[in-house]
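Trainee: Heads up: the protein sequence lines correspond to chains F and E, in order.
So the first sequence is numbered by the numbering used here: it starts at 96 and just counts up by one.
So the second sequence is numbered by the numbering used here: it starts at 2 and just counts up by one.
Take this structure, written in structure tokens, and hold onto it; I'll ask about it next.
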Amino acid sequence: MAGILVYALHDDEGNFNKNSLGAISEAAKLAGQIGGEASALVVGDVADDAAAGLGKYGAAKVYRAKSVPEGLAQPIVDAMAKVIGDNGISYALFGGGLLGFEIGAGLTARLGAGVTMEVTAVKVQDGKLVAERPILQDSEIADVGYVSEPGIIIGRLNAFDTNETGGTAAVEDVEVELSPWSTKATMVQRGEQRGADVNIEDADILVGGGRGLGAAEGFKLAEELAESMGGAVAATRAVVDAGWYPYAAQIGQTGKTVAPKLYLAAGISGAIQHKVGMQNSENILAINKDPNAPIFEFSDLGVVGDLHKIVPKLTEAIKAKKGG
Amino acid sequence: MKICVLVKEVPDAAVQKRIDPSTMRLDRSGEKNLNPFDTHALEAAMQIKEGGAILVEEVVAVTMGPDSAVRALHKAVALGADRSVQLTDDALAGSDVCATGYSLAKVLESESPDLVLLGQQSDDGECYTIGAVVADHLQMPSLTQVIKIDVNDGKLRCERQAEYGYDTVEIELPAVISVGDAINEPRYPSLKAIMGAKKKPLDNKGAGDVGIDASQVGEAGSKTKVLALNPPPAKEAGEIIEDEDTNETVEKIVAWLDERKLI
Chain F
96 MAGILVYALH DDEGNFNKNS LGAISEAAKL AGQIGGEASA LVVGDVADDA
146 AAGLGKYGAA KVYRAKSVPE GLAQPIVDAM AKVIGDNGIS YALFGGGLLG
196 FEIGAGLTAR LGAGVTMEVT AVKVQDGKLV AERPILQDSE IADVGYVSEP
246 GIIIGRLNAF DTNETGGTAA VEDVEVELSP WSTKATMVQR GEQRGADVNI
296 EDADILVGGG RGLGAAEGFK LAEELAESMG GAVAATRAVV DAGWYPYAAQ
346 IGQTGKTVAP KLYLAAGISG AIQHKVGMQN SENILAINKD PNAPIFEFSD
396 LGVVGDLHKI VPKLTEAIKA KKGG
Chain E
2 MKICVLVKEV PDAAVQKRID PSTMRLDRSG EKNLNPFDTH ALEAAMQIKE
52 GGAILVEEVV AVTMGPDSAV RALHKAVALG ADRSVQLTDD ALAGSDVCAT
102 GYSLAKVLES ESPDLVLLGQ QSDDGECYTI GAVVADHLQM PSLTQVIKID
152 VNDGKLRCER QAEYGYDTVE IELPAVISVG DAINEPRYPS LKAIMGAKKK
202 PLDNKGAGDV GIDASQVGEA GSKTKVLALN PPPAKEAGEI IEDEDTNETV
252 EKIVAWLDER KLI
């Protein structure tokens, strides 16, 4: 049967990941078109009603592998490979996120299956799935088909919207034998928050800071500008990993997704991983000294210049205007 | 122990990349360079070697690619690798992720590494996945996008960002680790190292030498096929200001913000 299996990631409190839920809804839609059903795999100690509740997003069935730990890819590869093999599933679909990339990649090797990643849309052609994958910094979109089944599709962050159609999924427990190498990585600590807790998701105005700020001290410029406009400060992964700004302010692939009225990108190149977290902002203003920075391709106003010269003056000008 | 670092030759960042419509493959003509993400993997290998927590006998740079890819290996050796291995075979051309991961795993298998390091992505393919594909073929534990590696009692303690914050993971060797660019600042090669790079040993291997099943690689062995290329949905181009007179630039920005009632 031409089924589609989705991996449903959850946090330590049991909340399912939004991208996983979106992937379930997408799978349900596609499964209807290829004459199959959508199912989901959950691992760890997920309660009956929580697992069955995935039916609300379109899963007809939920496979639960209680003995498989959540959070690391390889044990989940074991579980998905078993469910796909036992049930003759045609496609594995992942919502955007790091773990889905790793599990999908592991499955590729395990099953000798074709894989497409960073997928922004999936369509049906001749009863088979075709993945749309932007390539070369989103300058072209490749339609990728699968020569054989199963096929693996890894979505880009926020590619698939959730759709609550209602319903309850049947829950089936599966026993999974872990591969020897799947037990050689151990989670010591999961989901550690580092740095101050800041709330950027509710802000109408965000000033995003990237490597172009030059150093941790450079964030002072971003903070002053944000303050002049009554906004908050966000950051790219690169500067968070470099320790310039707290993780809670990070936007993108492994951070938060925002859609403020104004996103002012200061010294941000606009790599895909950042773009996916902020591209739905109503107005995007970018300041960057590199005229070839990708951010200028999706900004509404692009300023090519040195932010260290422009931002302080802009802050003063906004203060003056507000004061007057 | 032996560390293998996977490297790749990619079109230089300044080259406008395009797909050759006749083959649906990336046009790789023009200036090329060592994938910038790989320099972080090489630096990570050198830091483990120099760190002294574990004895590293050798660092080997490994690539798969056409003859020209030897230049990426020369750069890798200039950055500290002791020797290099190049897998070259016409049969490999057009391999997709599945076939490429299999081929790389085969050439790595012939080296029996204790640790495989690679960059989290290539500048051209942007797949992020090769490390995890290779790891499953090699039956080794793996972690991708790692930003910190400590060696303790012959095990690795790695940190990386995942969906819910920072994860700390302990991994037994042998293992495959892909590193993010925040892990380190790669060193610059010395002039002497650059001059000496071509003298370091380089093994050339064909698909048959490392036991690659030819039916599993190349275009024919690939499991995905590019059916069509389409332009992305048109987006209205934004306005661009070149900052020549900063006071004037700021005025224009303020007017733009004001017009949209953002201040």
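Heads up, the beta-carbon is just placed ideally off N, CA and C, and yes, glycines get one too.
List, in chain order, every chain E residue whose beta-carbon is nearer than 9 Å to that of I405 of chain F.
Mentor: D244, T247, T250, V251, I254
Trainee: Quick one: any contact between the segment 226-237 of chain E and the segment 107-122 of chain E, if contact means 3 or more CB pairs under 8 Å?
Mentor: Taking a cut-off of 8 Å on C-beta distances, the segment 226-237 of chain E does not touch the segment 107-122 of chain E, as fewer than three cross pairs fall below it.
Trainee: By the DSSP assignment, the alpha helix (DSSP H) with Y103 of chain E in it spans what residues?
Mentor: 98-110
Trainee: Residues of chain F with CB closer than 8 Å to the CB of G102 of chain E, please, in chain order.
Mentor: The answer, in chain order, is A200, T203, A204.
Trainee: Within 10 angstroms of the Cβ of I1 of chain E, are there 16 or more other Cβ atoms? Answer buried if so, exposed if not.
Mentor: This structure gives no information on residue 1 of chain E, because the portion of chain E shown stretches from 2 to 264.
Trainee: Tell me which same chain residues have a C-beta within less than 6 Å of the C-beta of G329 of chain F, skipping the five on either side of it?
Mentor: According to the sequence as given, residue 329 of chain F is Ala; it is not Gly. The residues are I295, L301, G303, A344, I346.
Trainee: Hey, how far is the Cα of A126 of chain F from the Cα of A168 of chain F?
Mentor: 25 Å
Trainee: Buried or exposed, going by whether 16 or more other CB atoms sit within 10 Å of the CB of K18 of chain E?
Mentor: buried
Trainee: Flag G181 of chain E as yes if its beta-carbon sits less than 9 Å from any beta-carbon of chain F, otherwise no.
Mentor: yes
Trainee: Looking at the secondary structure, which residues open and close the beta strand (DSSP E) in which F189 of chain F lies?
Mentor: 186-189 is the extent of the beta strand (DSSP E) around F189 of chain F.
Trainee: List the whole-angstrom C-beta distance separating A123 of chain F from G153 of chain F, where the pair is believed to meet the contact cut-off of C-beta under 8 Å.
Mentor: About 3 Å separates the two Cβ atoms, so the contact holds.
Trainee: Could you confirm whether any beta carbon from chain A is found closer than 9 Å to the beta carbon of L409 of chain F?
Mentor: No chain A appears in the structure shown, which is made up of the protein chains F and E.
Trainee: Rounded to a whole number of angstroms, what is the C-alpha to C-alpha distance between G102 of chain E and P170 of chain F?
Mentor: 19 Å
Trainee: Flag E287 of chain F as yes if its beta-carbon sits less than 9 Å from any beta-carbon of chain E, otherwise no.
Mentor: yes
Trainee: What are the partner residues of A329 of chain F, as DSSP defines its beta bridges?
Mentor: F:G303
Trainee: Output yes or no for whether 9 Å exceeds the beta carbon distance between G132 of chain E and L7 of chain E.
Mentor: Contact annotation: G132 of chain E and L7 of chain E have beta-carbon atoms nearer than 9 Å.
Trainee: Is the beta carbon of A333 of chain F sitting closer than 9 Å to the one on G305 of chain F?
Mentor: Yes, the pair counts as a contact, with Cβ atoms nearer than the cut-off.
Trainee: For L228 of chain E and D238 of chain F, what's the separation of their Cα atoms in angstroms?
Mentor: 5 Å
Trainee: Taking C-alpha atoms, which residue in F:R159, F:K408, F:H369, F:L231 lies nearest to S431 of chain F?
Mentor: Summary: the structure shown does not reach residue 431 of chain F, with chain F confined to residues 96 through 419, and so no result is reported for it.
Trainee: So if I threshold CB-CB distances at 9 Å, which residues from the segment 123-147 of chain E count as touching chain F?
Mentor: D125, G126, E127, C128, Y129, T130, I131, G132, A133, V134, V135, A136, D137, H138, L139, Q140, M141, P142, S143, L144, T145, Q146
Trainee: For a contact defined as C-beta to C-beta under 8 Å, what are the partners of I4 of chain E on chain F?
Mentor: Result: empty, since nearest Cβ-Cβ is about 17 Å, beyond 8 Å.
Trainee: Tell me the rounded alpha-carbon separation between G109 of chain F and V141 of chain F.
Mentor: 7 Å
Trainee: Would you mind giving the Cβ-Cβ distance between G191 of chain F and R251 of chain F, rounded to the nearest angstrom? I have them listed as a contact below 8 Å.
Mentor: 5 Å
Trainee: Of all the options F:D385, F:V353, F:I390, which has the alpha carbon lying nearest to the alpha carbon of S376 of chain F?
Mentor: F:V353
Trainee: Could you work out which residues of chain E lie near P229 of chain F, taking near to mean beta carbons separated by less than 7 Å?
Mentor: P233
Trainee: Measure from the C-beta of N378 of chain F to each C-beta in chain E and report whether the shortest distance is under 9 Å.
Mentor: N378 of chain F counts as touching chain E.
Trainee: Using 9 Å as the limit for Cβ to Cβ distance, is K107 of chain E near chain F?
Mentor: no
Trainee: Count the CB pairs spanning the segment 118-134 of chain E and the segment 32-52 of chain E that are closer than 8 Å, and state whether there are at least three.
Mentor: yes
Trainee: Contact check, A163 of chain E vs L194 of chain F under 8 Å by CB: the rounded distance?
Mentor: 6 Å
Trainee: For a contact defined as C-beta to C-beta under 9 Å, what are the partners of I172 of chain E on chain F?
Mentor: K279, A280, T281
Trainee: Using the three-state DSSP reduction, which class does S323 of chain F fall into: helix, strand or coil?
Mentor: S323 of chain F falls in the helix class under three-state DSSP.
Trainee: What's the C-alpha gap between D107 of chain F and T331 of chain F?
Mentor: 25 Å
Trainee: Could you check whether L157 of chain E and L116 of chain E sit closer than 9 Å to each other, using their CB atoms as the reference points?
Mentor: yes
Trainee: Taking the alpha helix (DSSP H) that G86 of chain E falls in, what are its first and last residues?
Mentor: A small correction: the amino acid at residue 86 of chain E is Val; Gly does not occupy that position in the sequence shown. Premise fails: V86 of chain E lies in the beta strand (DSSP E), 84-88, not in any alpha helix (DSSP H).
Trainee: Please determine if the segment 214-223 of chain F and the segment 208-226 of chain E are in contact, where contact requires at least 3 C-beta pairs separated by less than 8 Å.
Mentor: Taking one beta carbon from each stretch, the segment 214-223 of chain F and the segment 208-226 of chain E have fewer than 3 pairs nearer than 8 Å; the two do not touch.
Trainee: Tell me the rounded alpha-carbon separation between G174 of chain F and D137 of chain E.
Mentor: For the record, residue 174 of chain F in the displayed sequence is Ala; it is not Gly. Using only the alpha carbons, I get a separation of about 14 Å.
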